[in-house]
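Residue numbers (the working numbering): 328 to 471. Remarks on the structure that follows.
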(Lines of atoms letter the chains of each structure in order from A; the text may use other names.)
(Lines give C-alpha, C1' and ligand atoms only; values in the text may rest on other atoms or scores of the structure.)
Protein backbone atom coordinates (compact mmCIF):
# COMPACT_ATOMS: atom_id res chain seq x y z
CA UNK A 328 0.00 0.00 0.00
CA UNK A 329 1.42 3.40 -0.94
CA UNK A 330 -1.37 5.65 0.29
CA UNK A 331 0.03 8.97 1.50
CA UNK A 332 -0.82 10.46 4.86
CA UNK A 333 -2.78 13.64 4.23
CA UNK A 334 -1.99 16.90 6.01
CA UNK A 335 -3.83 20.15 6.55
CA UNK A 336 -1.30 23.01 6.82
CA UNK A 337 -1.77 26.01 9.15
CA UNK A 338 0.32 29.18 9.51
CA UNK A 339 1.50 30.09 13.00
CA UNK A 340 -0.57 32.87 14.55
CA UNK A 341 1.59 35.58 16.07
CA UNK A 342 -1.34 37.65 17.37
CA UNK A 343 -1.02 36.57 20.99
CA UNK A 344 0.86 34.16 23.16
CA UNK A 345 -0.73 32.23 25.97
CA UNK A 346 1.40 31.91 29.07
CA UNK A 347 0.76 28.94 31.32
CA UNK A 348 2.12 28.49 34.85
CA UNK A 349 5.21 26.27 34.96
CA UNK A 350 5.94 24.00 37.89
CA UNK A 351 9.38 25.07 39.14
CA UNK A 352 10.60 21.56 39.81
CA UNK A 353 10.37 18.46 37.65
CA UNK A 354 7.24 16.35 37.85
CA UNK A 355 7.94 12.78 38.89
CA UNK A 356 6.27 9.90 37.13
CA UNK A 357 6.24 7.98 40.42
CA UNK A 358 4.83 9.12 43.75
CA UNK A 359 2.73 12.32 43.82
CA UNK A 360 4.24 15.60 44.97
CA UNK A 361 2.57 18.83 46.11
CA UNK A 362 3.34 20.63 42.82
CA UNK A 363 1.10 23.65 43.51
CA UNK A 364 3.58 24.78 46.16
CA UNK A 365 6.30 25.07 43.51
CA UNK A 366 4.67 27.07 40.71
CA UNK A 367 7.28 29.74 40.05
CA UNK A 368 6.85 31.32 36.62
CA UNK A 369 4.91 31.36 33.39
CA UNK A 370 6.00 29.62 30.23
CA UNK A 371 4.98 30.29 26.63
CA UNK A 372 4.69 27.13 24.57
CA UNK A 373 5.26 29.28 21.47
CA UNK A 374 8.70 30.31 22.70
CA UNK A 375 9.52 26.76 23.80
CA UNK A 376 8.38 24.94 20.64
CA UNK A 377 8.81 27.49 17.84
CA UNK A 378 12.32 28.68 17.04
CA UNK A 379 11.70 30.45 13.72
CA UNK A 380 8.16 31.90 13.53
CA UNK A 381 8.46 33.00 9.90
CA UNK A 382 9.38 29.48 8.77
CA UNK A 383 7.17 27.45 11.13
CA UNK A 384 3.80 25.92 10.35
CA UNK A 385 1.37 23.51 11.95
CA UNK A 386 -0.13 20.54 10.13
CA UNK A 387 -2.92 18.21 11.21
CA UNK A 388 -2.23 14.54 10.37
CA UNK A 389 -4.82 12.44 8.59
CA UNK A 390 -3.94 8.76 8.25
CA UNK A 391 -1.88 6.09 9.96
CA UNK A 392 1.25 5.61 7.83
CA UNK A 393 3.47 7.00 10.63
CA UNK A 394 1.86 5.33 13.65
CA UNK A 395 5.02 3.42 14.64
CA UNK A 396 6.81 6.79 14.95
CA UNK A 397 4.05 7.80 17.40
CA UNK A 398 2.45 10.11 14.82
CA UNK A 399 -1.26 9.35 14.66
CA UNK A 400 -4.40 10.51 12.89
CA UNK A 401 -5.45 13.89 14.34
CA UNK A 402 -2.03 14.79 15.78
CA UNK A 403 -0.72 18.30 15.25
CA UNK A 404 2.79 18.62 13.81
CA UNK A 405 5.10 21.58 14.22
CA UNK A 406 7.13 21.94 11.00
CA UNK A 407 10.18 24.15 10.56
CA UNK A 408 10.93 24.97 6.91
CA UNK A 409 14.28 26.57 7.78
CA UNK A 410 15.91 23.31 8.93
CA UNK A 411 18.14 21.36 6.55
CA UNK A 412 16.80 17.94 5.56
CA UNK A 413 18.88 15.13 7.03
CA UNK A 414 18.82 11.38 6.77
CA UNK A 415 16.38 9.75 9.20
CA UNK A 416 14.53 13.00 10.04
CA UNK A 417 10.74 13.08 9.80
CA UNK A 418 9.76 15.52 7.08
CA UNK A 419 6.70 16.95 5.42
CA UNK A 420 7.17 16.48 1.70
CA UNK A 421 5.23 17.63 -1.33
CA UNK A 422 5.21 14.92 -3.99
CA UNK A 423 3.16 14.94 -7.18
CA UNK A 424 0.56 17.36 -5.85
CA UNK A 425 0.11 15.89 -2.36
CA UNK A 426 1.60 16.57 1.05
CA UNK A 427 2.81 13.59 3.06
CA UNK A 428 4.77 13.07 6.26
CA UNK A 429 7.49 10.39 6.15
CA UNK A 430 10.95 9.59 7.48
CA UNK A 431 13.70 10.59 5.04
CA UNK A 432 16.12 7.96 3.85
CA UNK A 433 18.69 9.84 1.78
CA UNK A 434 20.81 7.65 -0.49
CA UNK A 435 23.60 8.68 -2.88
CA UNK A 436 21.36 8.53 -5.96
CA UNK A 437 17.80 8.77 -4.62
CA UNK A 438 15.54 9.55 -1.66
CA UNK A 439 13.10 7.14 -0.06
CA UNK A 440 10.11 8.38 1.91
CA UNK A 441 9.77 5.76 4.61
CA UNK A 442 6.45 5.08 6.32
CA UNK A 443 6.43 3.95 9.94
CA UNK A 444 3.70 1.35 9.48
CA UNK A 445 4.34 -2.07 7.90
CA UNK A 446 1.07 -1.81 5.95
CA UNK A 447 2.63 0.90 3.78
CA UNK A 448 5.43 0.76 1.22
CA UNK A 449 8.31 3.22 0.91
CA UNK A 450 7.98 5.87 -1.78
CA UNK A 451 11.03 6.11 -4.02
CA UNK A 452 11.51 9.65 -5.28
CA UNK A 453 12.74 9.77 -8.87
CA UNK A 454 13.53 12.56 -11.31
CA UNK A 455 10.04 12.12 -12.78
CA UNK A 456 8.38 13.17 -9.51
CA UNK A 457 7.40 16.75 -8.72
CA UNK A 458 9.05 16.74 -5.29
CA UNK A 459 10.22 19.07 -2.53
CA UNK A 460 11.08 18.52 1.10
CA UNK A 461 8.74 21.15 2.51
CA UNK A 462 9.93 21.15 6.13
CA UNK A 463 11.22 19.13 9.05
CA UNK A 464 8.89 17.99 11.84
CA UNK A 465 10.20 19.29 15.16
CA UNK A 466 7.35 18.38 17.53
CA UNK A 467 4.18 16.29 17.63
CA UNK A 468 1.31 17.55 19.75
CA UNK A 469 -1.28 14.97 20.69
CA UNK A 470 -4.19 14.36 23.00
CA UNK A 471 -3.78 11.60 25.56
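The beta-carbon is built from N, C-alpha and C at its ideal position, and this holds for glycine as well. Given the structure is predicted, the values throughout are model-derived calculations rather than measurements.
| request: Name, in chain order, the residues that DSSP records as bridge partners for residue 458. | output: Sequence index remark: in the chain shown, residue 458 carries index 131 (1-based). DSSP output for residue 458 lists 422 as bridge partner(s).
| said: For the beta strand (DSSP E) containing residue 407, name the first residue and the last one. | reply: Within the chain shown, the letter at position 80 stands for residue 407. For residue 407, the enclosing beta strand (DSSP E) covers residues 403-407.
| query | What is the C-beta distance between residue 398 and residue 383, in whole angstroms, given that I count them as a contact (C-beta under 8 Å)? | reply | Within the chain shown, numbered from 1, the residue matching residue 398 stands at position 71. Within the chain shown, numbered from 1, the residue matching residue 383 stands at position 56. In this structure, residue 398 and residue 383 do not form a Cβ contact; the two beta carbons are roughly 17 Å apart against a cut-off of 8 Å.
| Sorted by chain position, which residues of the same chain lie with C-beta nearer than 6 Å to residue 433's C-beta, five sequence neighbours on each side aside? | Sequence index remark: in the chain shown, residue 433 carries index 106 (1-based). Exclusion of the five residues before and after residue 433 leaves 414 as the residues of its chain whose Cβ lies within less than 6 Å of its Cβ.
| Boundaries of the beta strand (DSSP E) in which residue 446 is found, first to last residue | Taking the chain shown and counting its residues from 1, one reaches residue 446 at position 119. Residue 446 -> no beta strand (DSSP E), and no H or E assigned at all.
| request: Using three-state DSSP, classify residue 389 as helix, strand or coil. | output: The sequence position of residue 389 within the chain shown is 62, counting from 1. Strand, per DSSP.
| field | Residue from 372, 396, 390, 370 with nearest C-alpha to residue 464 | value | What you label residue 464 is simply residue 137 of the chain shown in a count that begins at 1. Answer by Cα proximity: 396.
| Rounded C-alpha distance that separates residue 435 from residue 376 | If you number the chain shown from 1, residue 435 lands on position 108. If you number the chain shown from 1, residue 376 lands on position 49. Straight-line measurement puts the Cα of residue 376 at about 32 Å from the Cα of residue 435.
| task | Would you identify the three-state DSSP class for residue 394, choosing helix, strand or coil? | result | The residue labelled residue 394 in the question sits at position 67 within the chain shown. If DSSP states are grouped into helix, strand and coil, residue 394 belongs with the helices.
| request: Could you please give me the residues that DSSP links to residue 468 through a beta bridge? | output: Position 141 of the chain shown, counting from 1, holds the residue named residue 468. Residue 468 is bridged to 403.
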